[in-house]
Amino acid sequence: MSFKYLCISALLISCTSLLCSCSSPLSSSVTESGGDAQNLDVFAMNTYMSMKAYGDNAQKALDDSRELIMRLESELSVTDEGSCIYELNKNGKGTVTDSAAVLINKAVEIGDRTGGALDISLYPVLKEWGFTTEDYHIPDDKILADLLSDVDYKSISISGNEVTLPENVQIDLGALAKGYTSDSIMEQMSADGVDSAIVSLGGNVQAIGGKPDGSAWKVSVRDPFAPDTDMCIVEIKDKAVITSGNYERFFTGDDGKNYWHIIDPADGYPADNGLVSTTIIGDSGLECDALSTAFFVAGKDKAVDYWRSDRSFDMILVSDDGKIYYTEGIADSFKNISSMEAEVLRLD
Ligand code: ADP
Ligand code: MG
633 MSFKYLCISA LLISCTSLLC SCSSPLSSSV TESGGDAQNL DVFAMNTYMS
683 MKAYGDNAQK ALDDSRELIM RLESELSVTD EGSCIYELNK NGKGTVTDSA
733 AVLINKAVEI GDRTGGALDI SLYPVLKEWG FTTEDYHIPD DKILADLLSD
783 VDYKSISISG NEVTLPENVQ IDLGALAKGY TSDSIMEQMS ADGVDSAIVS
833 LGGNVQAIGG KPDGSAWKVS VRDPFAPDTD MCIVEIKDKA VITSGNYERF
883 FTGDDGKNYW HIIDPADGYP ADNGLVSTTI IGDSGLECDA LSTAFFVAGK
933 DKAVDYWRSD RSFDMILVSD DGKIYYTEGI ADSFKNISSM EAEVLRLD
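Each residue of the sequence shown is one higher than the one before, counting from 633 in our numbering.
Take a look at the structure:
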């Protein structure tokens, strides 16, 4: 995945955060009122991950989760030599792991459902911008056009675990890997007997149940215009809260403009279709992660149309003119703590 070269400052302004439950990357365990919390922080997939679990089995669940994260990273990383994605990109064909197959199939499905806004074959374009190496520059128009002519997730052929890519096509699962990873952690922790836990993978949050006292977790979403402050708070149980934003990873070009890491497959440039932040709240981290990136590219009208026809998730969108839109399913818990105007989106 891009398993990106995030610098620490970028991590600190990552999209979503746990209120009152952040722990320093070095802490490993604390006890809080309301139950015995065990914390574990891991640096993986080029991001800080922080996990908190409660109950008798918490420590084992956290240890198992760390092992799981490391396994998924070694399977899915686009840059680790030896990962199945690295091999696939190098050889144009390969046998991928079950996890990689799930991600590729989901990416193709969401690509289809969003008119190609999500396209995991953008990897050569991302490389050219320098988003994989932090050696940033604005690509030459001709080079970009050449690279873009080979971008098409529909050219990926997958049957079971066998994947074939046409010449010049390479894929990157960075848009949806963290969501899949948090889903997998939830499954692992549940299997270990934990029924109250919350994780933040570089700002992407997912929870099992609520807090040990039965109340909901409070999750804050960053203000994209002031990324070291929070914009709003939502309350969740058993849900993922996943954000994509133009402030997460960007560079300033020689022309003084900012260029960010979510690319519009239509022109190969950072997506600039009216949204500066998209947050998806739903049961599946994988689905939320895929949609947060796709909606960032697709823009508000298409995101709202998709939501109205699907209805299985909620979302918080922020437009580039400084307005928040949030869906009615979270209206009861949504708390706007910014000076921006916030409008509820209704189903009809
Ligand atoms: P983050 O992982 O930073 O929280 P996202 O989930 O939105 O944010 O994923 C962004 C990553 O997805 C980029 O770093 C890049 O690897 C990849 N990417 C960028 N644009 C697209 C796109 N249109 N379709 C699929 N993947 C993309
Ligand atoms: Mg995403």
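Ideal Cβ positions, reconstructed from N, Cα and C, are used throughout, including at glycine. Quick caveat, the model's predicted, so the values are computed rather than measured.
- Per DSSP, E867 lies in no alpha helix (DSSP H) segment; the continuous beta strand (DSSP E) that holds it begins and ends at A858 to I868.
- The secondary-structure analysis by DSSP pairs G877 across a beta bridge with S909.
- The stretch 829-848 makes no contact with the stretch 704-714, as fewer than three CB pairs between them are under 8 Å.
- The count of Cβ pairs closer than 8 Å, one atom from the stretch 863-872 and one from the stretch 903-919, reaches three, so the stretches are in contact.
- Counted as a single uninterrupted DSSP element, the stretch harbouring N793 is not any alpha helix (DSSP H), since DSSP gives it neither H nor E.
- Between L923 and L797, the C-beta spacing is not below 8 Å.
- When secondary structure is reduced to three states using DSSP, E713 falls in the coil class, being assigned neither helix nor strand.
- Secondary structure of L949 (DSSP, three-state): strand.
- Contact between the stretch 797-807 and the stretch 741-756 is established, with three or more Cβ pairs separated by less than 8 Å.
- L979 is classed as exposed because its beta carbon has fewer than 16 other beta carbons within 10 Å across all chains shown.
- Taking the C-beta atoms as reference points, L907 is found no nearer than 8 Å to V936.
- Distance check between V710 and each of K786, A732 and F927 places A732 closest, using alpha-carbon atoms only.
- D855 is bridged by DSSP to A858.
- In this structure, the CA atom of S682 is about 33 Å from the CA atom of G885.
- Scanning its chain for C-beta atoms nearer than 6 Å, with the 5 sequence neighbours on each side dropped, one finds around G825 the residues N689, in chain order.
- For I803, no beta strand (DSSP E) run applies, since DSSP gives it neither H nor E.
- In the DSSP assignment, E760 falls within the unbroken alpha helix (DSSP H) covering Y755 to W761.
- Taking every protein chain shown into account, the CB of D744 has fewer than 16 other CB atoms within 10 angstroms, so this residue is exposed.
- Judged by DSSP secondary structure, D696 falls within the alpha helix (DSSP H) whose first and last residues are A690 to L708.
- Relative to ligand 1, L708 has its C-beta separated by 7 Å or more from all heavy atoms.
- Between ligand 2 and the CB of D921, the shortest heavy atom gap is smaller than 7 Å.
- Of the other Cβ atoms in all chains shown, fewer than 16 fall within 10 Å of the Cβ of H769; this residue is therefore exposed.
- In the three-state DSSP reduction, I969 falls in the coil class, being neither helix nor strand.
- In this chain, the beta strand (DSSP E) harbouring K955 covers K955 to T959.
- For S970, same chain residues with a beta-carbon under 6 Å away, outside a window of 5 residues either side, are D855 and M863 in chain order.
- In the three-state reduction of the DSSP assignment, E719 falls in the helix class.
- For A807, the shortest C-beta to heavy atom distance toward ligand 2 is below 7 Å.
- Your pair C920 and G747 does not check out as a contact, with CB atoms roughly 19 Å apart and the cut at 8 Å.
- Between the alpha carbons of L808 and G714 lies a distance of about 20 Å.
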